[in-house]
Each structure stands twice: as structure tokens, then as C-alpha cells.
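**Q** Residue numbers 55 to 651, in this note's numbering, belong to the letters of the sequence shown in order.
Have a look at the structure that comes next, please.
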Amino acid sequence: MAQKKSQNRTPKLVFPLAAIAGQRQMVTALILAAIDLDLGGVLLMGEKGTAKSTAARALAHLLPPITVVAGCPNHCHPQGPLCPRCQAKAPHLAPTQTPTPFVDLPLGASEDRVAGSLDIAEAIGRGRLRVSPGLLAQTHRGILYIDEVNLLPHHLAALVLDAAASGFNQVERESVSYRHPARFALVASCNPEEGPLSPQLLDRFGLCVPVSSERDPETRVEVIRRRLAFEADPAGFNARWRESQRRLRRRLTRARQNLGQVTLDEPIRSLAARLAARAGCRGHRGELSLVRAARALAAWQGQAAVTPEHIARTTSMALGHRAVDGRAPSEVTVRRLGHALAAAAVPAGTGVQPGQRAEPGAGAAPSRAGKERVIRVLPPGEVRPVLTSRPPREGGSLRQSGRRSARRVNENRGRYIRASARRLGRPLALDATVRAAAPHQAARRRPGGPALVVRAADIREKVKAAKRGRLLLLVVDASGSMNAAARMRETKAAVLGLLMEAYQKRDRVGLVTFGGDRAHELLPPTASIDVAKRMLVDLPTGGKTPLAHGLVTLAQVLSRELARDPRLNPLVIILTDGRPNVPYDLPQARRRVSIQG
């Protein structure tokens, strides 16, 4: 036991950030987020095994210690903003130094654990209503890391992102209202192979960095050399990189101090706004993230003003994941556009506007076969609402609004329907627990003891039922043969009618299209019907008909969604003229499956 306690007191050595070989853009984005906590966080999106988690954990050990109020679980700064506990003690606040907090948010965390909940022991033992701080309180002025954020339940992701955007967390639990500061750098990783991230959550991240394995053989060899050296002797490896870590830490501290003095001239603001408009970004988070990232980069480089070069270096990170249709411009294109706009080569009001596209057929080249129609964008025809049938077990009227069905869930959301004595880690049913313990108080209560004595057998958990919409998967033929007799116009009109009903029923909608030589999952299942409509209206048509590849892509989407929720009741609608003319490459499919597996 003594040996175990001694091991727990020994700090765990992590791979130093200065020793990471390659991945310069990822390291730069993490440093920018650490310089300016208002940047909105960093999303590391890419392949597994590319040092995403290693870099995020290494960043916490690079940050300098912070000054906090002694004994405050929220890491409040003595000069504010203060949590309610520190406000009650003010102005007698003793300052102390503590390492920058780093909190790893597990995917299975409950909402009470993340946001905070009622301190049951304090409420029952002493009759006081107090809040037990959650992970958002612990990570204030530090780093909150979420590994595989695309697998995090949506309500938890929204809770974390709202706190990161506002800088505060509001706890409302059992007649207790508690508001505390929650200002932190949000770092998350995402492997697209394990599921997509919804557009709403993706837009909330200030920066997004595509991460892939290094292509340079020499860099890959250096990765092997450094990793093996760290695993063989972590203490010795960190000692060899200690001076490099110190230089990075001093530079980061200096950049934080000088961030407020970096100037942002009007031409730079205009440049950022034009870049966001040309990228087709919806809303204004794109340009705000861009100027903040550029300002942090200028502070990191020790410069007093933001230059067009800073904008060019951060454009892909700030605007790439917000670009229209997810088509991020390449770094070369972004730099060329940034320098052109900075030089005022393009007057204001000219060029491509947000959402603008080429005229149908403009600039389109015929396919390699020479007999295919050109790529065109056809508007939908007259849209009429379409009602889809439901399985008998769901019951109810087809015209009834709201979600289709309700079922019992183990997540911390939904409607509280009853209590259960089974201990499955669900939220505490305080009312049922008190009722179970009440008949035994005469035998349990002792003079001078608590008014309410609760035993383990009295604990009750909440059983909740959440209404779930259905998954509606649309598989649309976008080949050239669909142009005949305006089939594509009618197809788009029918699909838009289905989307109208999906909005009323709160369904999730996914879109798979096939045309040319392969199929694409154009829209991962989402509840944003506006996004689905925009994708569908702007869907080009032309080329061959790879129907087999479209069906295989559909099967992959269904397998992924059913693995997440086996009780899911998907509805698949395939719209095609049934004229396939592209064979499916089975050997290539086997290789793809084996790689993904």
C-alpha cells in the first residue's frame, strides 16, 4: 500500500512538446490557443497515431504556473472574475501559485460531472445546499482536452462549447443556482473514420487543423528514434529537452503578456472579412477567429502589429473547416489570395461572393468518355410536402408534430419518468432516495446526528425517456442520365418535400450521392435541415452512374449509425433511374475495408 501511494505522488512524465518531430501546423495551432484563451479552441482532425493526444497533453506541461486563490476549486484569480465561494470571502483572498490545470474529459462523463451538481453529502449530513464543482470548474484558466470529440454525446459537447464561448458555466440543480467563470483553452481530437462531427459543433472551434502522418522518410525515422528513446528512459529524455522546453515556456509567457499590445489595423480587418466572404463562411465566427489567431501569431513572433503574412499563415486553420461545402482552400491558394487582397488588387465588391457559384455549365468540361453530359446545377421543381409511413409500433398520427417515438435511455438527458434501485451510474433521484430512507429514520437517527440518515440501499437513480427522431438517409443519383426530361428537378423537389416532413418530425437527415465514377457521403446524418437543403439545391449532376458504389456507401453509413444506436430505425430512400454503367471494384473495396478495420 505504501508503495502504491508513493507511486501516486510521482508525477507522470509526458512527451515534451519541443520534442515532437514534424506536425508544425498542429503545434503552432496549440500554441496560439494557449496564448489567447478567447480563440475558441483547437480541433485536431485526422488519422490515428499522428501525435494528436501526445501534443495536447504536452501543451499543459509547457504552460507556466498561474496565480489562484488559495483553496479555490475553481482556480479563480485574486483580481477576478470570482466564483461565488471566493466572492463570499472577498476581499480577504490569499494568492498562491499552482500548475496550469489540464483536464481530460472522458466520453462517458455525465452532465452532472461536467457542469457540477448538488453536494449530496453536504445536503443530507449538514442540511446545506452546496454545489460540488464539475470538470468545467476544475479546468478554469487551463486546458480542457476531449479525445474523439465526435463520439461525445451532443448535449455534453454543446454544454462544453457554450461554456468555452461565454467564459461562464451556469449550474441549475435541485433549487440551487450557481454561476462560476469557466475560461479555458479547448483542445479536441477527431478521427473522421470513427464518425463525423456535426457542422454546428465544428463551427464552434476557433481553429481546425487537418493532421496526417508525415510523408518525409527522414522525419518518420526521427519520430521512431525519439519515441523509443522516451519509452526507454522518460526522465532522461525529458532532461535532454528541458532547455528547449524552458525557451518555449518563456516565449509563451512573453506572448501572453504582449497580446494586448498587438495592434490590428483596419486593412487587416478588411482582409480577414474578405477572405471569410470568399470562403463562403456563414456567420462571423470565421473572421473573428482569423484575426484572433493572427494576433496571437504576431505576439508569438514578438511583432507589434498583425501583417498580411500572419493572416495568410492562419487562414487555413481558421477558415478551412468553415468554407462552403467543406472545401478548404489549399495553403498556396490562401496565401495567393491573401497577398492579392492585402495589395488591394481586387476592389471591394468584386470577385466571388458568399455562396456564389458558376453559371450552370460554365467552365465545365465533358467527361473522358466524350458522350457524357456536362456537369450542371439544376434548380428544383415545385416542392410539395411528402409524408412517410412509420412502423406500427411507433403509433400516433402521421401528421403529429414532434419527435416520432420515445424510449428509455441511459444518458443524462430526456424526461425523468421514474426511479430505479439498480446502480448503473445514472443521475441520483433525490426525491425517491429521500422517500426510501424516510421510513427508517426513527431507528437510524441518533442524538446530535444528522436529521436524515441515508444508507446505500436507499439510493435511487433516475430513469429517463428521450424522444428520438428517425434517421432519414437519401441516396440520390446525380449522373448525367438524370437530366433527361428534367428528372433531377423533380427528384430535388421530392427530396425537399421529404426534408419538410423531416423538419417537423425532428429527424436526422443524411445524403449520399453518386455520379461520375464513385459515390460520396455528401452530408453525414445531421439534424440541421437547412444544411441538407443547401447541399441538395446546389447538387451538380452529370457523368456516369456508379449505382453499386452508391449502395456500398449507403451500407457503410448504415453500419456506422447502427453500431452507435442498435435501436435505430432508419428509413432509406433511393432516387435513381436504375441505369448503372460503372462496375464496382471489389478488390479495391476489400483493401479499403481491411485498412479501415
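For each residue, glycine too, the CB sits at the ideal point set by N, CA and C.
Hey, quick one: how far does the alpha helix (DSSP H) through L373 stretch, first residue to last?
**A** Residues 362-373.
**Q** Please state if the CB of A532 and the CB of G564 are separated by a distance shorter than 8 Å.
**A** Contact: no.
**Q** Considering only residues of the segment 162-243, which uninterrupted beta strand (DSSP E) runs meet the minimum length of 3 residues and lie entirely inside it, listed in chain order?
**A** Runs of the beta strand (DSSP E) inside the segment 162-243: 170-172, 185-187, 197-200, 222-227, 230-235.
**Q** Just to confirm, are L67 and N292 a CB contact at a threshold of 8 Å?
**A** Yes, the pair counts as a contact, with Cβ atoms nearer than the cut-off.
**Q** Can you tell me where the alpha helix (DSSP H) holding R78 begins and where it ends?
**A** Taken as a continuous stretch (DSSP letters only), the alpha helix (DSSP H) holding R78 covers 78-89.
**Q** Quick check: the segment 116-125 against the segment 251-266, are at least 3 beta-carbon pairs closer than 8 Å?
**A** Contact fails: fewer than three Cβ-Cβ distances are below 8 Å.
**Q** Please name the residue or residues paired with I628 in a DSSP beta bridge.
**A** Note: I628 sits in a beta bridge opposite V529.
**Q** Cutting at 6 Å between CB atoms, please list the residues of its own chain near Y199, excluding the five before and the five after it.
**A** Excluding positions up to five away in sequence, the list reads A110, D158, V241.
**Q** Does the separation of the CB atoms of A75 and R305 fall below 8 Å?
**A** Not closer than 8 Å, so no.
**Q** Are there 16 or more other CB atoms within 10 angstroms of the CB of G356, so buried, or fewer, so exposed?
**A** G356 should be labelled exposed.
**Q** Given a threshold of 16 other Cβ atoms within 10 Å of its Cβ, counted over all protein chains shown, does H131 qualify as buried or as exposed?
**A** Flag for H131 reads buried.
**Q** Could you tell me the distance, in whole angstroms, from the CA atom of P155 to the CA atom of S324?
**A** Approximately 37 Å, taken between the alpha carbons.
**Q** Please report the distance separating the alpha-carbon of R498 from that of E615.
**A** Straight-line Cα distance between these residues: approximately 50 Å.
**Q** Taking its Cβ as the centre, do 16 or more other Cβ atoms sit within 10 Å of P246, making it buried, or is it exposed?
**A** Exposed.
**Q** Can you tell me the Cα-Cα spacing of P135 and V96, whole angstroms?
**A** Their backbone Cα atoms lie some 24 Å apart in a straight line.
**Q** Since I believe A211 is in contact with L255 (beta carbons under 8 Å), could you give me their beta-carbon distance rounded to a whole number of angstroms?
**A** With 8 Å as the limit, L255 and A211 qualify as a contact, their Cβ atoms being about 5 Å apart.
**Q** For E575, does the three-state DSSP call read helix, strand or coil?
**A** If DSSP states are grouped into helix, strand and coil, E575 belongs with the strands.
**Q** With H, G and I counted as helix, E and B as strand and the rest as coil, what does DSSP make of R652?
**A** This structure does not reach residue 652, given that the chain is present from 55 up to 651, and the question cannot be answered.
**Q** What are the residues that DSSP puts in a beta bridge with D158?
**A** Note: D158 sits in a beta bridge opposite Y199.
**Q** So, for L100: in the same chain, excluding its five sequence neighbours on each side, which residues have a beta-carbon less than 6 Å away from its beta-carbon?
**A** A quick correction: the sequence has Gly, not Leu, at residue 100. The residues are P264, V265, S266.
**Q** Less than 7 Å between C-beta atoms, sequence neighbours within five positions excluded: which residues of the same chain meet that for A283?
**A** Here the set comprises F291.
**Q** Taking the Cβ atom as the reference point for each residue, do W295 and I89 lie within a distance shorter than 8 Å?
**A** No.
**Q** Rounded to whole angstroms, what's the CA-CA distance from L215 to D257? Just pull it up for me.
**A** Cα to Cα, the separation comes out at about 10 Å.
**Q** Please classify G409 as buried or exposed, where buried requires at least 16 other C-beta atoms within 10 Å of its C-beta.
**A** Note that G409 scores a pLDDT of 40, beneath 50, so its modelled location is shaky; the value from the coordinates is reported in the next line. It is exposed - the Cβ of G409 has fewer than 16 other Cβ atoms within 10 Å.
**Q** Who pairs with F568 in a beta bridge, going by DSSP?
**A** D531, A573.
**Q** Can you say whether N635 is buried or exposed, counting buried as having 16 or more other CB atoms within 10 angstroms of its CB?
**A** It is exposed - the Cβ of N635 has fewer than 16 other Cβ atoms within 10 Å.
**Q** In this structure, how does DSSP classify G100 when only helix, strand and coil are distinguished?
**A** Strand at G100.
**Q** Output the distance between the C-alpha atoms of L605 and P620, rounded to the nearest integer angstrom.
**A** The straight-line gap from Cα to Cα measures roughly 20 Å.
**Q** Taking one C-beta from the segment 311-318 and one from the segment 339-355 each time, how about it: are there three or more such pairs within less than 8 Å?
**A** Yes: at least three Cβ pairs fall under 8 Å.
**Q** Kindly indicate which three-state DSSP category P132 falls into: helix, strand or coil?
**A** Note: P132 maps to coil in three-state DSSP.
**Q** How would you write the range of the alpha helix (DSSP H) that V316 sits in, first residue to last?
**A** Segment: none, V316 is in no alpha helix (DSSP H) and carries neither H nor E.
**Q** In whole angstroms, what is the alpha-carbon distance linking D631 and H209?
**A** So the alpha carbons of these two residues sit roughly 40 Å apart.
**Q** Count the CB pairs spanning the segment 480-495 and the segment 507-514 that are closer than 8 Å, and state whether there are at least three.
**A** Contact between the segment 480-495 and the segment 507-514 is present, because at least three Cβ pairs lie under 8 Å.
**Q** Please list the terminal residues of the continuous beta strand (DSSP E) segment that includes Q355.
**A** Premise fails: Q355 is in no beta strand (DSSP E) and is neither H nor E.
**Q** Under 6 Å Cβ to Cβ from R411, same chain only, skipping five residues before and after it: list those, please.
**A** Residue placement at R411 cannot be trusted, given a pLDDT of 37 that sits under 50; what the coordinates show is reported in the next sentence. Cβ within range, chain order: n/a, list empty.
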